[in-house]
Each structure stands twice: as C-alpha cells, then as structure tokens.
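*Asks:* First, the structure itself, so that you have it in front of you.
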Amino acid sequence: MKKVLLAVAGLLIAGVSFGQTKWGIIAGPQFSSFTTKADNVSKKTSDLTTNLRAGITVDVPLADEFYIGTGLLYSGRGGKESPVKVNLSYLQLPVNFLFKPEVGTGKLNLGVGPYFAYGVGGKYKATVNNVEVTTKAFDDEAGTGKLKRFDAGLGIVAGYELPVGLYLGLNADLGLVNAYDNTDNGRSWKNTSFGVSVGYKF
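Going by our numbering, the letters in the sequence shown line up with residues 523 to 724, in that order.
Right, here's the structure in full:
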C-alpha cells in the first residue's frame, strides 16, 4: 500500500510539472452489496443498499488523450441480508488508466484500473425482538464477522466531460480481496458497488 501511494504521489508531481493536470470534485449515489461464502456453501449475495461516493479526482496526463485517473474518495458500501444491515465507510484511492478522446464538443472518459481502500468505519445493525443491536464491523466485538480494514479490487469508470468542466459519469467497483478477518473453512466476503456521479473538472 505504501509503494502504491508513493507511485501515485510521483505521478501527481509529474503531472503538476507538465502543467496539464486536471483536478476535480465528484459526488453521487452508490449502490452496494456484498457476496459471502462459508463452509464451502454456495455463494450468497446481499440485497443492495444506497450510500454515497464523493471526493477529489486528479487526471494526470501520460500521452495525447491518455491519463492516469486518481484522487481520494469517500466510498460507502455494505448491503442488507435479513435481519442484518451492513454499512461500511472507506477512503479509496483509484488508479485508473483513462482514455479521453474528443467526442462532440466535450471529452469521453473511459477508464479501468485497480483501487485500494481503507475502512474508516463500519457497523452491523440487526433488530432482534424489537431491539436494535449494533456491532462495529472492523472491531473484535464482531467475532467471526470481523472485517479487515484493507480492501482492493478493480474499478471501471465511464463518463462525459463538457467544455465548461461539468462531468457526468458511471462507476463500478468489483472487490477482489477477501474482507473477512477470519477465513477458516473457506469463508469469504467481497464488496461490490456501482453508481452515478456528477462533478466538475477544473
């Protein structure tokens, strides 16, 4: 993770030196779920929950029409699996390889690449006998349900950037890391999310 952060920092510095780096802000709803597997039982995917995805973006030029798209995002994740609702909060660093050809009066944004995330908060909420019980997902009190704070996976973005700087986009993140802290008996948990974004690129 430290090497990734240093590499991205190097790209940002290089981009600033070229004077063509584009900074931006984005925000929008994100729809998330999680897929679990335990004791070699078939996989089960939770119902969707609605969260927020927002933050700062940076497009660092590599060549004509090609960029590294990175930044720092807040990414809300989780899902619902009766009677439990899971809310997870991550700080996320995307590293997308962006292709930005001119289409019409603006630019198409197409990107794919890894993301790295760190859990800053998470809760399991369940109602038992009309009593709401809350457990911290990243702490030992969650028992076998404890999750690792580190997450990583593959991100995909598609959007359109207008000449005035307005940005409209779609995004999807596919978790590739087993988020369970206890992985005995083949237990696994993987996050998935998709959403829409509105933003502005300076």
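Where a beta carbon is used, it is the ideal one built from N, C-alpha and C, also for glycine.
All values derive from a computational prediction rather than experimental measurement.
#1: Return the chain-ordered list of same chain residues with a C-beta closer than 6 Å to the C-beta of Ser555, the five sequence neighbours on each side being excluded.
#2: Apply the 10 Å Cβ neighbour rule to Glu624 and answer buried if 16 or more other Cβ atoms are within range, or exposed otherwise.
#3: Using the three-state DSSP reduction, which class does Gly600 fall into: helix, strand or coil?
#4: If you draw a straight line from the C-alpha of Tyr682 to the C-alpha of Gly550, how long is it?
#5: What is the DSSP secondary structure of Asn618, counted as helix, strand or coil?
#6: Can you tell me which of the three DSSP states Asp706 falls into?
#7: Quick one: residues in its chain with C-beta nearer than 6 Å to the C-beta of Ser539, no 5 flanking neighbours on either side, listed in chain order?
#8: In this structure, how does DSSP classify Asp581 when only helix, strand and coil are distinguished?
#9: CB-CB under 7 Å to Leu690, same chain, minus the five flanking residues each way: which ones, in chain order?
#10: On the three-state DSSP scale, how would you describe Glu731?
#11: Under 8 Å, do Phe619 and Gly633 count as touching if we go by C-beta distance?
#12: So which of Lys668, Pro583, Tyr612, Pro605 has the shortest CA-CA distance to Ala674?
#13: Expressed to the nearest angstrom, what Euclidean distance is found between the alpha-carbon atoms of Gly577 and Val617?
#14: Buried or exposed: which applies to Leu595, given that a residue is buried once 16 or more other Cβ atoms fall within 10 Å of its Cβ?
#15: Just mark Gly626 as buried or exposed, buried being the case when its beta carbon has 16 or more other beta carbons within 10 Å.
#16: Under 8 Å, do Asp581 and Thr543 count as touching if we go by C-beta distance?
#17: Could I get the ranges of all uninterrupted beta strand (DSSP E) runs contained in the segment 636-695, with 3 residues as the minimum, in chain order?
*Replies:* Based on what the coordinates show:
#1: What you label residue 555 is simply residue 33 of the sequence shown in a count that begins at 1. If the five residues before and after Ser555 are omitted, its C-beta is found closer than 6 Å to the C-beta atoms of Thr567, Ser568, Leu570, Gly601, Thr714, all from its own chain and listed in chain order.
#2: Position 102 of the sequence shown, counted from the start, is the residue given in the question as residue 624. Exposed is the call here.
#3: Numbered from its first residue, the sequence shown carries residue 600 at position 78. Reduced to three states, the DSSP call for Gly600 is strand.
#4: In the sequence shown, residue 682 corresponds to position 160, counting from 1. In the sequence shown, residue 550 corresponds to position 28, counting from 1. Taking the straight line from one Cα to the other gives about 15 Å.
#5: Position 96 of the sequence shown holds residue 618. It is a strand residue.
#6: Position 184 of the sequence shown, counting from 1, holds the residue named residue 706. Asp706: helix per DSSP, three-state reduction.
#7: Against the sequence shown, residue 539 aligns to sequence position 17. Residue confidence for Ser539 is low, a pLDDT of 49 falling below 50, so the modelled location carries little weight; the figure read from the coordinates is stated next. Excluding positions up to five away in sequence, the list is empty.
#8: Counted from its first residue, the sequence shown places residue 581 at position 59. DSSP places Asp581 in strand when its eight states are reduced to three.
#9: Residue numbering aside, residue 690 sits at position 168 when the sequence shown is read from its first letter. For Leu690, where only same-chain residues beyond five positions count, the Cβ hits under 7 Å are Gly681, Tyr682, Val720.
#10: No answer is possible for residue 731: the residues shown for the chain start at 523 and end at 724.
#11: Walking along the sequence shown from the start, residue 619 turns up at place 97. Walking along the sequence shown from the start, residue 633 turns up at place 111. Contact: yes.
#12: For this step, residue 674 is matched to residue 152 along the sequence shown. Among Lys668, Pro583, Tyr612, Pro605, the Cα nearest to that of Ala674 is on Tyr612.
#13: In the sequence shown, residue 577 corresponds to position 55, counting from 1. In the sequence shown, residue 617 corresponds to position 95, counting from 1. Cα-Cα distance, rounded: 14 Å.
#14: Mapped onto the sequence shown, residue 595 falls at position 73. Classification of Leu595: buried, given that the 10 Å Cβ count is 16 or more.
#15: Residue mapping note: residue 626 aligns to position 104 of the sequence shown, counting from 1. It counts as exposed.
#16: Sequence index remark: in the sequence shown, residue 581 carries index 59 (1-based). Sequence index remark: in the sequence shown, residue 543 carries index 21 (1-based). Yes; because the gap between Cβ atoms is below 8 Å, this pair is in contact.
#17: 653-658, 672-683
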